[in-house]
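Asks:
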Amino acid sequence: AIERMRKYKISQIPVIDINGFVGSLDETDLFQSYIQDKNVSEKPIREIMGAPYPVVKAGTPVEELSKLINKENQAVLVDLGDGRHHIVTKYDVIGAIK
Numbered sequence: 002a003i004e005r006m007r008k009y010k011i012s013q014i015p016v017i018d019i020n021g022f023v024g025s026l027d028e029t030d031l032f033q034s035y036i037q038d039k040n041v042s043e044k045p046i047r048e049i050m051g052a053p054y055p056v057v058k059a060g061t062p063v064e065e066l067s068k069l070i071n072k073e074n075q076a077v078l079v080d081l082g083d084g085r086h087h088i089v090t091k092y093d094v095i096g097a098i099k
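Here the numbering used here is used: position 68 in the sequence shown is 69, and no number is missing along the way.
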């Protein structure tokens, strides 16, 4: 997960297993884990990850979606159908302000 975040220059990522979304990982989770144990890259993701991001349907108004982004939820997943999702962050919401 750390390598993927570096490669794509992203600060948060949903965690998925065969059952679907099971958690989330962001810079804060990694930083807190690093403070506790410098070998954070050796830890299983399940020991570091936070709760899964909320999921909303495509077409959800930005105003409604933005209310779900807070300290506990750094992002929201938008269900695009066919198993595809788009991650929306506070930066995306700010970019949508006109």
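Even glycine gets a Cβ: it sits at the ideal position worked out from N, Cα and C.
Computed from a prediction, not measured in an experiment: that's the story for all the values here.
1. With a threshold of 7 Å on Cβ separation, who are the neighbours of Y2 within its own chain once the five nearest residues in sequence on each side are excluded?
2. Around the C-beta of A59, are 16 or more other C-beta atoms found within 10 angstroms, so that it is buried, or is it exposed?
3. Within 10 angstroms of its Cβ, does Y54 collect 16 or more other Cβ (buried), or is it exposed?
4. Closer than 6 Å by C-beta to V56: which residues in its own chain qualify, once you throw out the five before and the five after it? Chain order, please.
5. For G51, does the three-state DSSP call read helix, strand or coil?
Replies: To lay it out plainly:
1. Checking the sequence, you will find Ala at residue 2 rather than Tyr. These residues qualify, in order along the chain: I14, L26 and I46.
2. exposed
3. buried
4. L78 and D80
5. strand
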